[in-house]
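Chains X and D are the protein sequences, given in the same order. Start counting the first sequence at 1; every next residue gets the next number (my numbering). Start counting the second sequence at 252; every next residue gets the next number (my numbering).
There are 2 protein chains.
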Amino acid sequence: MSEFLDTAAERYHPGLSVDCVIFGFHENELKVLLLKMKHTAKWALPGGFVEKQEHMDKAAIRVLEKRTGLADIFLQQFHTFGDPARHDHEMDLELFKQSGRDPVKDHWFLQRFITVGYYALIEFSKANPRPDDISEACEWKSIDQLPAMILDHRKILEKALDTLRFQINYQPIGHKLLPVKFTMPELQKLYETILGKELDRRNFQRKMLAYGILKDLGERRKGGAHKAPYLYSFDVKKYNAALKIGLKGSW
Amino acid sequence: MSEFLDTAAERYHPGLSVDCVIFGFHENELKVLLLKMKHTAKWALPGGFVEKQEHMDKAAIRVLEKRTGLADIFLQQFHTFGDPARHDHEMDLELFKQSGRDPVKDHWFLQRFITVGYYALIEFSKANPRPDDISEACEWKSIDQLPAMILDHRKILEKALDTLRFQINYQPIGHKLLPVKFTMPELQKLYETILGKELDRRNFQRKMLAYGILKDLGERRKGGAHKAPYLYSFDVKKYNAALKIGLKGSW
DNA sequence: CCAAAAGTGTTTGGTGTACACCCATGC
DNA sequence: GCATGGGTGTACACCAAACACTTTTGG
């Protein structure tokens, strides 16, 4: 941390950060990946800084991998947060102290920051998040039970969720959030979770199949109680083609 | 300009700018407001910098007013451009020379910039754009006949247009772009222009009226040739309520 | 009176919605 | 066998697309 404070001003673009909202879906709940920094009580979105000659989008990818171990994630920019009040000077000073140093006036780290928000959808089961060396935890948190978060990270998360809902017909939500094989009820639960409302089982199925973006694998999911549901997977080619013009219809 | 280069580093947030894409509608064409700086051949979006403790959204409003004279414009953030290649070092050096100064290494102005794009819809007839003292022109340009533009401003403009099309059912497009009183054919032309395709006259009218967001003023637009069309204006309250859930239907 | 623009209406097919019924499985 | 969850089907209302006809106005 101490070394970071020394070299940051040379390495990074001043007053600019990126924050990532990583969505996953597990046990019928929409989850977000959060970090807990050492010595702090609140949680944070995985975020970081942009190198001086680095593409901002690339920076987001690098930062996410460094802080959570997640690689090859397709991140989507959704909003930039430029309220000067979003800066928490007290917290900065605290971090300085913890690194065993005196706050320096006009230090790179103590100025106001603009942050650019990115979001991603990832397959929960494939993700293997691990905290970096300045964090003590990296965990999935349910959207419905979020812990206290630093700065305006809660607001950033809400905005990401709004964007997700808004773009539901234009983003490969199912393909990114579900395993390769999934059942129709699972897909429906995902939609219901994101949209925050219940959908009719039969109409959902008909509509989804009508899109022609699903491949019926013929298999069934065994083991569970009740009637075994069919397994599907996405016809990626057709899915992407359909998304370009947007999946029709209101949910 | 010379004074600007001296004081900029103190006043403004480093490496950050805002650019505004101002849409207007006139003579059945969608137009954009562009500036032409003195001593340059290319046109530019009205843009500027963010003061150190200023809210970014407020900065966009301030910048727009200062550079074009347009006040009280509702600006909507749409994307942030963070490609390091978007910076044109040659152009910067040129501007330095023109201000009669030698380029200083590591000068505030010579670093890489991130820019945040904002767009607005304004009523063409009410706007009275005027160039600021560093520009020689401030003009409406048709979307179909854009002049050469600096940096990635063309790309920024395209992105704004995409956003506009995407959000057409969620933004008060008509209310912002048209005069208070307008006819149905005028409103239709606006939609056709933004969407880039023709719509059926009768279906358009029925659909619009069905939304219940228009007030029939009873009057007719006289003077023109042919049958005089009725005048309408927006029922702003109902319009805004309808936009919250989005105007249904595909165009 | 004629061309062009604008107002009004009708038919038709699709899509969303609200249902009812049957099938499979574990307890 | 019964509760629960999953698969399939149907009736209806509504909306969008495609179309024809009438009215007004300036030239």
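We put the beta carbon where it would ideally sit given N, CA and C, even for glycine. No experiment lies behind these values; they were computed from the predicted model shown.
Residue nearest to residue i in terms of C-alpha spacing, selected from the options
i, options, result
"Leu195 of chain X", "X:Arg165, X:Ser99, X:Gln171", "X:Arg165"
"Ala259 of chain D", "D:Asp413, D:Met288, D:Val301", "D:Val301"
"Gly218 of chain X", "X:Lys159, X:Lys181, X:Lys31, X:Pro131", "X:Lys181"
"Leu321 of chain D", "D:Gly298, D:Asp339, D:Asp403, D:Phe255", "D:Gly298"
"Leu205 of chain D", "D:Gly475, D:Ser484, D:Glu443", "Any answer about residue 205 of chain D is impossible in this case: the structure gives chain D only from 252 up to 502."
"Arg472 of chain D", "D:Leu465, D:Lys356, D:Tyr481", "D:Tyr481"
"Pro14 of chain X", "X:Met56, X:Leu161, X:Tyr119", "X:Met56"
"Leu281 of chain D", "D:Gln456, D:Leu429, D:Lys309, D:Phe347", "D:Leu429"
"Tyr462 of chain D", "D:Asp353, D:Leu397, D:Val487, D:Ala295", "D:Val487"
"Lys227 of chain X", "X:Met184, X:Glu139, X:Gly117", "X:Met184"
"Leu494 of chain D", "D:Trp502, D:Ile464, D:Gly475, D:Gly474", "D:Ile464"
"Lys105 of chain X", "X:Gln98, X:Pro131, X:His89", "X:His89"
"Asp343 of chain D", "D:Thr331, D:His330, D:Gln328, D:Arg363", "D:Arg363"
"Glu256 of chain X", "X:Lys155, X:His87, X:Ile22", "Missing from the structure shown is residue 256 of chain X; chain X here goes from 1 to 251 and no further."
"Lys458 of chain D", "D:Leu438, D:Gly474, D:Glu387", "D:Leu438"
"Ile373 of chain D", "D:Leu284, D:Tyr263, D:Lys489", "D:Leu284"
"Asp384 of chain D", "D:Leu286, D:Asn491, D:Leu397", "D:Leu286"
"Lys348 of chain D", "D:Tyr370, D:Leu256, D:Gly497, D:Ala371", "D:Leu256"
"Ala60 of chain X", "X:Ser99, X:Val116, X:His107, X:Thr80", "X:Val116"
"Glu254 of chain D", "D:Gly351, D:Arg405, D:Arg452", "D:Gly351"
"Pro84 of chain X", "X:Tyr12, X:Leu151, X:Gln77", "X:Leu151"
"Leu95 of chain X", "X:Pro147, X:Gln53, X:Met37, X:Phe78", "X:Met37"
"Glu136 of chain X", "X:Ala44, X:Lys155, X:Leu247, X:Ala241", "X:Ala44"
Buried or exposed by the 16-neighbour rule on C-beta atoms within 10 Å, applied to residue i
i, result
"Thr68 of chain X", "buried"
"Glu261 of chain D", "exposed"
"Phe74 of chain X", "exposed"
"Gly255 of chain X", "Absent from the structure is residue 255 of chain X, since the part of chain X shown begins at 1 and ends at 251."
"Gly174 of chain X", "buried"
"Asp270 of chain D", "buried"
"Gln422 of chain D", "buried"
"Ser17 of chain X", "buried"
"Pro129 of chain X", "buried"
"His290 of chain D", "exposed"
"Ser393 of chain D", "exposed"
"Lys189 of chain X", "buried"
"Ile275 of chain D", "Note on residue identity: the sequence assigns Gly, not Ile, to residue 275 of chain D. Buried is the call here."
"Glu27 of chain X", "exposed"
"Ile114 of chain X", "buried"
"Ala371 of chain D", "buried"
"Ser376 of chain D", "exposed"
"Ile245 of chain X", "exposed"
"Glu449 of chain D", "exposed"
Residues sharing a beta bridge with residue i, DSSP
i, result
"Asp19 of chain X", "X:Gly47, X:Gly117"
"Glu390 of chain D", "D:Leu285"
"Phe252 of chain X", "Past the boundaries of the shown model lies residue 252 of chain X; chain X is included only from 1 to 251, so the question cannot be answered."
"Tyr12 of chain X", "X:Glu51"
"Phe485 of chain D", "D:Leu465"
The ligand PLP heavy atom lying under 6 Å from the CB of residue i
i, result
"Lys317 of chain D", "For the ligand PLP, the structure offers nothing, since it holds no ligand at all."
### Message
Short of 7 Å Cβ to Cβ, which residues in the region 302-325 of chain D face chain X?
### Response
Residues Lys303, Gln304, Glu305, His306, Met307, Asp308.
Task: Interfacial residues, the region 76-107 of chain X to chain D, with Cβ spacing under 9 Å - done: Answer in chain order: Gln77, His79, Thr80, Phe81, Gly82, Asp83, Pro84, Ala85.
At a Cβ cut of 7 Å, what residues of the region 8-26 of chain X count as close to chain D, listed as they run along the chain? For the region 8-26 of chain X, the set of residues with a beta-carbon nearer than 7 Å to any beta-carbon of chain D comprises His13, Pro14, Gly15, Leu16, in chain order.
Taking only runs of the beta strand (DSSP E) that begin and end inside the region 419-483 of chain D, which ones reach a length of at least 3 residues, in chain order? At a cut-off of 3 residues, the continuous stretches assigned as beta strand (DSSP E) that sit fully inside the region 419-483 of chain D are 465-471.
Let me know the alpha helix (DSSP H) ranges lying completely inside the region 303-344 of chain D, each 4 residues or longer, listed in chain order. Qualifying alpha helix (DSSP H) stretches, in chain order: 307-319.
Given a limit of 7 Å on CB to CB distance, which residues of the region 359-380 of chain D reach chain X? So the list reads Arg363, Ile365, Val367, given in the order they occur along the chain.
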